[in-house]
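Residue numbers (our numbering): 1 to 205.
Note that CB positions come from ideal geometry on N, CA and C, so glycine has one too.
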Amino acid sequence: MIYILTGGPATGKGTRSDILAKALNIPHISTGDMLREKAQKDEELKASLSRGELVPDSMINALLEERITRKDCVNGFVLDGYPRTYAQAVELDRLFEKYGLSITKVMELVVPDELAFKRILERKKCDNCGEQYGIDFPPEVDDVCDKCGGHLSIRTDDTKETLAKRINTYRENAKEILDYYRDKGLLYTYDASHNPESVVEDALN
Ligand code: AMP
């Protein structure tokens with residue numbers, strides 16, 4: 001079971017990937033999370049992420065290969081944030097061939113731009129455990145994590161200016177990637193405006 005969740009910024013890829021991964025008991029692999037973790041010790045990368053730029057393929061491809069070949073991926077995984085370019089889609093096929101893997105479904109999430117902006121400007125994440133909050137899942141106490149009591153912060157790339165750039169970057173690359181998977185009969189498109197739990201049924205049907 002290997003699911004790829006794709007879509008523009010704030011279409012709910014992170015939340016839905018988490019729900020799906022938990023339901024299927026497989027890891028949720030978020031390339032954005034992997035890069036944010038790496039950026040804690042890499043100022044240049046941190047600045048690049050804050051500007052909403054895509055990182056070089058060489059960096060992300062190496063991180064991805066290392067991650068999907070770990071033991072916890074034997075029963076599959078949910079991939080969130082990769083591929084983001086046509087070249088990455090081709091690289092993913094190369095890796096899958098090398099390791100004998102195959103994609104179960106590519107799930108494209110779509111929401112209106114206004115909702116993406118609203119979601120992004122209100123989303124926060126726990127500095128300690130990584131739990132996400134937003135308009136659909138507010139914390140019980142402002143800026144405090146319900147799960148562990150950690151402090152909630154906004155992402156440095158969650159600003160109006162950066163979001164516009166990230167949406168444009170997504171659109172520039174999306175068509176080629178979506179066509180690639182549509183041609184292979186793997187692409188399914190969903191309205192992700194509400195009910196994130198529906199991802200489980202959508203994935204299994
Ligand atoms: P995300 O959490 O998926 O929104 O990703 C946050 C940021 O990480 C993106 O705006 C990019 O700067 C970077 N990023 C994540 N995944 C990739 C990827 N597959 N290729 C290049 N950059 C990426």
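### Query
What whole-angstrom Cβ distance do L101 and I2 have, given they're in contact under 8 Å?
Position 101 of the sequence shown, counted from the first residue, corresponds to residue 101. Position 2 of the sequence shown, counted from the first residue, corresponds to residue 2. That pair is a contact at about 6 Å.
### Query
Taking the alpha-carbon positions, what's the D183 to I177 distance?
Taking the sequence shown and counting its residues from 1, one reaches residue 183 at position 183. Taking the sequence shown and counting its residues from 1, one reaches residue 177 at position 177. Using only the alpha carbons, I get a separation of about 10 Å.
### Task
Work out the CA separation of I26 and L186 for me, nearest whole Å.
What you label residue 186 is simply residue 186 of the sequence shown in a count that begins at 1. What you label residue 26 is simply residue 26 of the sequence shown in a count that begins at 1. Here the alpha carbon of L186 sits roughly 20 Å from the alpha carbon of I26.
### Query
Exposed or buried, Y181, counting other C-beta atoms within 10 Å across all chains shown (16 or more means buried)?
Within the sequence shown, residue 181 is the residue found at index 181, counting from 1. Residue environment for Y181: buried (at least 16 other C-beta atoms within 10 angstroms of its C-beta).
### Task
Give the C-beta separation of D80 and H28 to the nearest angstrom, bearing in mind that I take them to be a contact with Cβ-Cβ under 8 Å.
Working through the sequence shown from its first residue, we reach residue 80 at position 80. Working through the sequence shown from its first residue, we reach residue 28 at position 28. Between H28 and D80 the Cβ distance is about 6 Å, and since that is below 8 Å, they are a contact.
### Query
Are T85 and L54 close, meaning C-beta to C-beta below 9 Å?
Locating residue 85 in the sequence shown gives position 85, counting from the first residue. Locating residue 54 in the sequence shown gives position 54, counting from the first residue. In contact: T85 and L54 (Cβ atoms closer than 9 Å).
### Query
Looking at C-beta atoms only, is the number of pairs between the segment 127-144 and the segment 40-49 that lie closer than 8 Å three or more?
Counting Cβ pairs under 8 Å, fewer than three are found: no touch.
### 9 Å Cβ cutoff met for D136 and R119
As a first step, residue 136 is located in the sequence shown; it is residue number 136 there, counting from the start. As a first step, residue 119 is located in the sequence shown; it is residue number 119 there, counting from the start. Contact: yes.
### Query
Whole beta strand (DSSP E) runs in the segment 89-173 with 3 or more residues, listed along the chain?
Entirely contained in the segment 89-173, the beta strand (DSSP E) runs reaching 3 residues are, in chain order, 105-110, 124-126.
### Task
State yes or no: is the C-beta of V90 nearer than 8 Å to some heavy atom of the ligand AMP?
In the sequence shown, the residue the question calls residue 90 occupies position 90. For V90, the CB stays at least 8 Å from every heavy atom of the ligand AMP.
### Three-state secondary structure assigned by DSSP to Y82
In the sequence shown, residue 82 corresponds to position 82, counting from 1. Three-state DSSP puts Y82 in coil, outside helix and strand.
### Task
Under the assumption that A10 contacts V78 (Cβ atoms under 8 Å), give the Cβ distance between them as a whole number of angstroms.
The residue labelled residue 10 in the question sits at position 10 within the sequence shown. The residue labelled residue 78 in the question sits at position 78 within the sequence shown. Not quite, the Cβ-Cβ distance comes to about 18 Å (not below 8 Å), so this is no contact.
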